[in-house]
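Residue numbers (this note's numbering), protein chains in the order written: chain A, 1 to 277; chain B, 1001 to 1392.
Written out as C-alpha cells, the structure is:
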C-alpha cells in the first residue's frame, strides 16, 4: 500500500434500519437482523434559523451524519477539511425544478436553485461550523463513496490534516425513480486524522486495485443489509462499518470495496497503535 | 508542490472550437456573447452558446452518452490533437495509471429538463431516456473515461463555479501520492434551463451583456464551454506547467461571496505557497470576474490584499460568458494561451470603470512576455480555487 495510513476517530451513520452509529452496531455485527425502515431526517440544529428554514433533505441527511461523526470524535469541526460525495444530491428538489421548468410558467424558486448545486451540503456545513478549510464535492455515480474515500486518502497523504468524509444519497420521486431507483436516504461519515490519537478507533489504509486483479468485493452477509450496499452508492461503505462494528481486537481486516467497474478499493482496518504520550 | 507538466490542452467556448479560434478572438477583442434566447427560454439576456454542438455526433460506440453536455465535450476533445496526445500517454504510462478528473455543475441535466416536457400520459419519462450517461453528475467523466479507454481513478468534482479549477488539485495530489502518472483534467458545462432560470431567480443574470469591473455591472451572462488538459509526471516538451493550487471555503453564504473576500485571500495565498512564489512573481491574474456587483467588489479587495494593486489583471468572462462549472478549466487554458503567446487579454465590455475598484484592470490587450499567471475561480457554496500556471 502506497498511501499513508489514516486513523478513524469518529463515525456517523443514518439510513433505513440504521438509525445511528451506536444503534446500528448490533445489526452491522450480525447480532440482530437488518429491518428496512424509512430514514427519519432530523432538522440541522447548528444552522442559523434562515438557513435552517431553507435546508432541504440533502442538507438534513449530510449534516446529521457529519454531526454524529464529529460528536463521536470529539473534534472542533472548524478545523476539518471536508470531502462530500453523492451520486445525485437531493432527488426531490431536482424533480421539482424539472417539473416547474416544463410548465408554461417556468419561474423557479431561488432556494430550490441554490439547494440544487451538488455542493449544497458542503456549503451549508461550512457556513454552519464557520470553516474556511478546503472542501470538495464529488460524484462517481454508483462509485461515489469510493471516489470520496480515495480522495480523502490522497488528501491525507499529501496534506496530513484531519478531515471529514461524508457520503450521502437520496431517492428520486417518480418518474426519475424508475430510471434511477434508490430505495431511501443513506448517509455515512468518518472523521479521519493523519496520526493516531487517544480517541482513534482504527487505522485505515486504502489502495486502488484494478478489477482484473481484485478478489470479489466483500458483501454484508445479511441480505437486507447487502441490498443497501448494492442499492445505494453510499452503501459501499457498509462492509467498512461492519469491520469497525466487529472490532479489531482479533486482528486486522482486509476488505475489497466497490468503486468503479474497472477499479476497486482494497482497504485494511487495524487496531490503532497506542499514541505516544 | 512538485510542478506538473501540461503536455496538451484545448478549449471550446462561444469564442470558437480550439486554441487557434480562441486566440484569434482574444486578439481581436471579440466577445462570443450574443443577445438571443436559448431554446425557447423566455429570458432576455446575453448568452455564450457554442456553435456546432447540436451537429456534433458522438462515435457510435459512445452513443449512450448522447446529450448536449457530452456533445460539447466531444467537440472540444476533437480539437488540437488532444485525442492523439491521450492515446500516446496511454501507450506510455498504461491505461491503469491515468486518472480522469473533470468539473461540471449540471452535466447533462438539459436532457432531463427536455424529457420532463415529453412525459408520457402515465407520467413516465419518454422512451430512450438514459439517466446515468446523461443526467448524472458523473456522466461527463464516465464519457471521457470510456472515450479514452482509461482504467485509472475517475470522478467529477462539482463545486459549482470552482469545479474545473479544483480538478487540477485532485490530479496533482494523486500524482504526488504515486497513484497515477498522468491525468485528463478539465470541465464541461452546457447551457440548460436550470441555470438560466436559476441565476435569473437570484437576480444575478444581466439583461445587458455582462460587464466585469464596470461601474454599471448588473450581473453575469451565462456561457457554455469545455476544456481539457493532459497532465503528465514528466515531459520532453511541455506546453506549460501547473505550479500551484490553492483551495478554501468562505463558510459565509451559499450564493454571496464573503464581502472582504476572506476565503478568496486564503485560496490565493495557498496557491502561491504551494508554487513557492511571492505575489510579485505573478505577471498577470485571470480574475473570476463574473460581473455581479458583489463578486467583483469582493474579488477586488481580496486580490488587493494579496497582491496590492499593480499586477495586471482582467476577467475574460465578457468574452466567453460565465461557463460555470467549466469556467476554471476554460480560464486555465486561456491562461496557458496567454503564457504561450505573451498576451494579457483585456477585459471586454467596460464602459465606465468602477471607481470603487482599485486593481490594475486591463481594458485592452497588452503584449508582454509572461512567466507565471494566477487564475481565480470562486463558486456557490463558498468554494474557492486559485491556480498558478507557468510558461514552458
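In this text, a Cβ means the ideal position worked out from N, Cα and C, and glycines have one as well. Predicted, not measured: the structure shown is a model, and the values here were computed from it.
**OP:** For the region 16-84 of chain A, list the alpha helix (DSSP H) runs that are entirely contained and at least 4 residues long, ordered along the chain.
**Re:** Entirely contained in the region 16-84 of chain A, the alpha helix (DSSP H) runs reaching 4 residues are, in chain order, 21-29, 49-54, 57-73.
Subject >> Assigned exposure category for residue 274(A) - 16 Cβ within 10 Å defines buried >> reply: Its Cβ having fewer than 16 others within 10 Å, residue 274(A) is exposed.
Subject >> Chain-ordered neighbours of residue 99(A) on chain B, where CB pairs are closer than 9 Å >> reply: Residues of chain B passing the Cβ test: 1116.
Original post:
Does the count of Cβ pairs from the region 27-34 of chain A and the region 242-254 of chain A closer than 8 Å reach three?
Top reply: Here the region 27-34 of chain A lies against the region 242-254 of chain A, with 3 or more beta-carbon pairs under 8 Å apart.
**OP:** Return the CA-CA distance between residue 1262(B) and residue 1287(B), expressed in angstroms with no decimal places.
**Re:** One alpha carbon belongs to residue 1262(B), the other to residue 1287(B), and they sit about 16 Å apart.
**OP:** Assign residue 1181(B) to one of two classes, buried (16 or more other C-beta atoms within 10 Å of its C-beta) or exposed (fewer than that).
**Re:** Residue 1181(B) comes out buried.
Original post:
Taking all protein chains shown into account, do 16 or more other C-beta atoms lie within 10 angstroms of the C-beta of residue 1356(B), making it buried, or fewer, making it exposed?
Top reply: Exposed is the call here.
Original post:
Between the region 113-127 of chain A and chain B, which residues of the former have CB atoms less than 8 Å from a CB of the latter, in chain order?
Top reply: Correct list: 113, 114, 116, 117, 118, 119, 120, 122, 123, 124, 126, 127.
Subject >> DSSP bridge partner residues for residue 9(A) (one or two, in chain order) >> reply: Residue 9(A) has no beta-bridge partner at all, per DSSP.
Subject >> Nearest to residue 1284(B) (by Cα), restricted to the options 1233(B), 1321(B), 1365(B), 1290(B) >> reply: Residue 1284(B) has its Cα closest to that of 1365(B), out of 1233(B), 1321(B), 1365(B), 1290(B).
Subject >> Closer than 7 Å at the beta carbon, the chain A residues around residue 1096(B) >> reply: Under the 7 Å cutoff, chain A gives 210.
Original post:
Residues of chain A with a CB under 7 Å from the CB of residue 1119(B): which are they?
Top reply: Within chain A, the residues near residue 1119(B) are 175.
Original post:
If residue 173(A) sits next to residue 272(A), beta carbons under 8 Å apart, how far is it from one beta carbon to the other, in whole angstroms?
Top reply: Not confirmed; about 43 Å, so no contact.
Original post:
I think residue 1015(B) touches residue 1320(B), with their Cβ atoms under 8 Å apart; what is that distance to the nearest whole Å?
Top reply: That pair is a contact at about 6 Å.
**OP:** Pull up the distance between the alpha-carbon of residue 1369(B) and that of residue 1271(B), whole angstroms please.
**Re:** Using only the alpha carbons, I get a separation of about 22 Å.
Original post:
When you check each C-beta in the region 1166-1180 of chain B against every C-beta of chain A, which residues fall closer than 8 Å?
Top reply: Answer in chain order: 1166, 1170, 1173, 1174, 1176, 1177, 1178, 1179.
Original post:
Where does residue 1387(B) land, buried or exposed, given buried means 16+ other C-beta within 10 angstroms?
Top reply: Classification of residue 1387(B): buried, given that the 10 Å Cβ count is 16 or more.
Subject >> Beta-ladder partner(s) of residue 1344(B), from DSSP >> reply: Within the DSSP secondary-structure output, residue 1344(B) pairs in a beta bridge with 1366(B).
Original post:
Shorter than 8 Å from the beta carbon of residue 182(A) to some beta carbon of chain B?
Top reply: No, residue 182(A) lies away from the interface with chain B (no Cβ there is under 8 Å from its Cβ).
**OP:** Any chance you could list the beta strand (DSSP E) runs of at least 3 consecutive residues sitting entirely within the region 1302-1336 of chain B, in chain order?
**Re:** Within the region 1302-1336 of chain B, the complete beta strand (DSSP E) runs of at least 3 residues are 1312-1314.
Subject >> Residues, ordered as in the chain, of the region 1237-1267 of chain B that lie near chain A by beta-carbon distance below 8 Å >> reply: So the list reads 1247, 1248, 1249, 1250, 1251, 1252, 1253, 1254, 1255, 1262, 1263, 1266, given in the order they occur along the chain.
**OP:** Could you pull the start and end residues of the beta strand (DSSP E) that residue 1373(B) belongs to?
**Re:** Where residue 1373(B) is concerned, the enclosing beta strand (DSSP E) stretches over 1372-1379.
Subject >> Beta-carbon contacts of residue 126(A) that lie in its chain and below 8 Å, excluding the five residues immediately before and after >> reply: Listed in chain order, the non-local C-beta contacts of residue 126(A) below 8 Å within the same chain comprise 82, 132, 133, 135, local neighbours out to five positions each way being set aside.
Original post:
Within 8 Å (strictly less), CB to CB, does residue 1315(B) reach chain A?
Top reply: Residue 1315(B) does not count as touching chain A.
Subject >> Distance between residue 1208(B) and residue 1095(B) (C-alpha atoms, nearest Å) >> reply: Here the alpha carbons of residue 1208(B) and residue 1095(B) stand approximately 47 Å from one another.
**OP:** Ignore the nearest five residues each way along the sequence and tell me which others in residue 5(A)'s own chain have a CB closer than 6 Å to its CB.
**Re:** Same-chain partners within the cutoff: 203, 205.
Subject >> Segment limits, alpha helix (DSSP H) that includes residue 178(A) >> reply: Counted as a single uninterrupted DSSP element, the alpha helix (DSSP H) harbouring residue 178(A) occupies residues 176-179.
Original post:
Where residue 88(A) and residue 141(A) are concerned, what is the direct C-alpha to C-alpha distance, given to the nearest angstrom?
Top reply: The straight-line gap separating the alpha-carbon atoms of residue 88(A) and residue 141(A) is approximately 8 Å.
Original post:
Under 8 Å between C-beta atoms, does residue 163(A) make it to chain B?
Top reply: Closer than 8 Å: no.
Original post:
Smallest Cα separation from residue 8(A): which of 191(A), 102(A), 86(A), 184(A)?
Top reply: Of the candidates 191(A), 102(A), 86(A), 184(A), the one whose C-alpha sits nearest the C-alpha of residue 8(A) is 191(A).
Subject >> Coil, strand or helix - residue 220(A) by DSSP >> reply: Here residue 220(A) sits in coil by DSSP.
Original post:
Out of curiosity, what's the CA-to-CA distance linking residue 122(A) and residue 137(A)?
Top reply: The alpha-carbon atoms of residue 122(A) and residue 137(A) are separated by roughly 7 Å.
Original post:
What are the partner residues of residue 1012(B), as DSSP defines its beta bridges?
Top reply: According to DSSP, which records beta bridges pairwise, residue 1012(B) is partnered with 1017(B), 1226(B).
**OP:** Could you tell me the distance, in whole angstroms, from the CA atom of residue 1002(B) to the CA atom of residue 64(A)?
**Re:** The alpha-carbon atoms of residue 1002(B) and residue 64(A) are separated by roughly 38 Å.
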